[in-house]
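Notes follow the structure.
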Amino acid sequence: MSNEHRSYGWQTAEMNHSHAYLLPAVMRRLGEIKCRTARLVDLGCGNGYVTRKLHGLGHEVIGIDAAPDGIAIAKEAYPELRFEVASVYDDDLAAIVGTDVDAVISLEVIEHLYSPKRLLEQAHAILRSGGALILSTPYHGYLKNLAISLMNGWDRHWSPAWEGGHIKFFSEKTLGDMAREVGFRNVRFEGVGRAPLLWKSMVLLAEK
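To convert, take the position in the sequence shown, counting from 1, and add 1382; that gives my numbering.
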């Protein structure tokens, strides 16, 4: 395993502020998957809240996270579900979750990684042919960046003192190009949270 920062500081298994605008988009995207009961991997599951919500829809879900604190909370709160401490940097990730996954869900994770392409490669490796990647990350576009500049908000936005915080910042082009480079196709985006073009996050849907 990589020695990169592992503790996110989870305290409870409750929903966080981003779940309110991310989960409806995930549900819509899952509705596009043809099988009614899907085999899912929640990659970077944190405290397990999203894993539980997906399981509640009737899906088989495995929650994966590199942070032992989050996994410990998830296992205690939802003992009926499967959670594993593992990282996108682990060469044996496919051995843990298999290679017949219908969809990989990864919410607000990729921006924390030194090597974000590794997450996309691992997702591609564990998905079955025709499987889907549903991934979110904070949105950055011209109007939003301009608004942050006009409000002199970049110091707060970058949050450099946040241990384990955001270190990669994507536009639709940079994230879409990276997804296509590893083999994903039919890449498209949906903006979520806040007003159009000032979105909090963007949700990528791509197919293997």
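We treat Cβ as the ideally placed atom computed from N, Cα and C, and that holds for glycine.
Values in this document were obtained by computation on a predicted structure and should not be read as measured data.
How would you label residue i, buried or exposed, when you count the other beta carbons within 10 angstroms and need 16 or more for buried?
i, result
"Ala1402", "exposed"
"Tyr1431", "buried"
"Arg1411", "buried"
"Ala1477", "exposed"
"Met1409", "exposed"
"Gly1575", "buried"
"Met1560", "buried"
"Leu1528", "exposed"
"Ala1543", "exposed"
"Val1587", "The question names Val, but residue 1587 in the sequence shown is Leu. Classification of Leu1587: buried, given that the 10 Å Cβ count is 16 or more."
"His1437", "buried"
"Leu1532", "exposed"
"His1441", "buried"
"Ala1577", "exposed"
"Met1383", "At Met1383 the pLDDT is 42, less than 50, meaning the model places this residue with poor confidence; the figure from the coordinates comes in the next sentence. The residue in question, Met1383, is exposed, as its Cβ has fewer than 16 Cβ neighbours within 10 Å."
"Thr1394", "exposed"
Confirm, please, whether the CB-CB distance from residue j to residue i is below 9 Å.
i, j, result
"Glu1572", "Val1585", "yes"
"Gly1452", "Gly1428", "yes"
"Ser1469", "Thr1519", "no"
"Ala1515", "Ser1541", "Inspection of the sequence shows that residue 1515 is occupied by Leu rather than by Ala. No, Cβ-Cβ distance for Leu1515 and Ser1541 is not below 9 Å."
"Val1423", "Val1443", "yes"
"Gly1512", "Glu1396", "no"
"Tyr1471", "Ser1497", "yes"
"Glu1554", "Gly1523", "yes"
"Ile1377", "Trp1392", "For residue 1377 there is no data in the structure shown, the boundaries of the chain being 1383 and 1590."
"Tyr1460", "Thr1419", "no"
"Phe1566", "Leu1475", "no"
Report, in whole angstroms, the separation of the C-beta atoms of residue i and residue j, which I expect to be a contact under 8 Å.
i, j, result
"Leu1361", "Leu1580", "There is simply no residue 1361 to check, as the chain begins at 1383 and stops at 1590 in what is shown."
"Lys1592", "Leu1405", "Given a span of 1383 to 1590 for the chain in the structure shown, any question on residue 1592 remains unanswerable."
"Lys1550", "Glu1493", "5 Å"
"Leu1439", "Val1486", "The Cβ separation is near 16 Å, so there is no contact."
Handout entry: Contact between the segment 1508-1515 and the segment 1473-1493 (3+ Cβ pairs under 8 Å)
Key = yes
Problem - Every unbroken alpha helix (DSSP H) within the segment 1435-1467, with a cutoff of 4 residues, ordered by chain - result: 1450-1459
Practice task
Could you tell me which uninterrupted beta strand (DSSP E) segments, each at least 3 residues in length, are contained entirely in the segment 1468-1527, listed from first to last along the chain?
Solution key: 1483-1489 and 1509-1520
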